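Heads up: the sequence shown begins at 0 in numbering that gives the first Met the number 0, then just goes up one per residue.
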Amino acid sequence: MDKIVLITGATSGIGLSCARKFAENGDRLILTGRNAQKLEEIRQELTAKGTEVITLVFDVRDREKATRLMDELPAEWQAVDVLINNAGLALGLEPEYEGDLDEWETMIDTNIKGLLTMTRLVVPGMVKRNRGHIINVGSVAGDAAYAGGNVYCASKAAVKALTDGLRIDVADTAIRVTNLKPGLVETNFSNVRFRGDKERAKKLYTGIMPLTGDDIADVAVYAANAPEHVQIAEVLILATHQASGSVIVRK
Ligand code: NDP
Ligand code: 8X3
């Protein structure tokens, strides 16, 4: 209750669901994203319900801007209790010998380097205060590669390694570190992956009931509110008819 929760990529999907669920939980929110107008709409929606919200407009790949905006946070917002490293994306499903180098760079810069930037900006304060929780949004894709997943899967395997590494590095503190690993969640994710091909994106969720952003946000809220001696280290969350990154039964 009443924690300061910072969410990256809060303008859509899992990040937006986290914003709403943590607001319902009574927390104060720092919402970050690239889309200033969407962030403002969400801020208005949540403040109308009594939640205190600050928005920061930056791309997680822009280390300089992220640093400046985090430094400029009002003193009463500096002590972030929960960092949710959610901003991320997949681009394409081409074989590794045909993929686009620029798209690979975008995934690596966002999913890995953006997460590291935010970790480096927020966690030192948590260590000083001996209090905090980092929730990284990994993926079932980080457990094993699937066809065409190559670089995206590698980026989420990196999220697992970085989450595990951070957990070791703060094991002598009261800070908790969680890797949330969703499977198929119906968000804007596949529209982005298939570069705006909505039909192709929709097909992915046909014949199976996918997870929703809210399903994942519920687990994040649970992890953040577990008793202080309980560290939810890793959670794999799959749709009932999904068994792994590559086994999905559609009816
Ligand atoms: P969405 O596309 O709905 O949301 C992604 C969010 O990340 C958006 O707010 C997007 O902002 C933001 N984002 C992307 N790139 C950047 C950037 N460079 N800087 C700041 N924000 C950025 O997808 P999801 O909600 O599904 O994805 C959220 C996370 O969940 C990702 O890390 C994804 O890899 C992970 N995930 C998703 C799964 C799924 O099946 N959907 C399953 C497992 C994990 P903008 O609108 O400006 O692009
Ligand atoms: C997103 C889920 O299976 O499309 O991480 O990689 S999947």
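Here a beta-carbon is modelled for each residue, glycine too, at the ideal position from N, C-alpha and C. Just so we're clear, the structure is a prediction, and the values are computed from it rather than from any experiment.
Residue i versus residue j - alpha carbon distance
i    : j    : result
E97  : E227 : 47 Å
R252 : F188 : Residue 252 cannot be examined here, being either before or after the span of the chain that is shown, 0 to 250.
L15  : M117 : 18 Å
G137 : D217 : 16 Å
R166 : I231 : 11 Å
V158 : H132 : 16 Å
A160 : G113 : 15 Å
I13  : N85  : 8 Å
S243 : I6   : 27 Å
K250 : H240 : 9 Å
K2   : A47  : 19 Å
R192 : Y204 : 14 Å
Residue i Cβ short of 6 Å to the ligand NDP heavy atom set
i    : result
D70  : no
A86  : yes
T257 : Examination of residue 257 is not possible in this model, given that the chain is present from 0 through 250 alone.
F188 : yes
D58  : yes
L161 : no
L30  : no
S11  : yes
N34  : yes
According to DSSP, residues forming a beta bridge with residue i
i    : result
L179 : V136, V234
N24  : In the DSSP output, where bridge partners are listed per residue, N24 has none listed.
Q241 : I247
T31  : L55
V81  : V4, H132
L68  : According to DSSP, which records beta bridges pairwise, L68 is partnered with nothing at all.
Residue environment, residue i, which counts as buried when at least 16 other CB atoms sit within 10 Å
i    : result
K20  : buried
E185 : buried
K180 : buried
Selected residue, minimal CA-CA separation from residue i, among the options
i    : options                : result
D56  : D1, I41, A146          : Per the sequence presented here, residue 56 reads as Val, with Asp not at that position. Out of D1, I41, A146, I41 has the C-alpha closest to the C-alpha of V56.
Y151 : N24, A140, T7, I174    : A140
I247 : N149, K202, R166       : K202
A144 : I133, N84, A156, A238  : A156
D171 : L161, A153, V126, R199 : V126
I83  : R128, A9, G164, P123   : A9
T105 : V121, P123, Q77, S154  : S154
T211 : I134, G182, D99        : G182
Near the ligand 8X3: residue i beta-carbon under 6 Å from a heavy atom
i    : result
A140 : yes
G244 : yes
Chain C contact for residue i (CB, 7 Å cutoff)
i    : result
L203 : Annotation note: the requested chain C is absent from the structure, which comprises a single protein chain.
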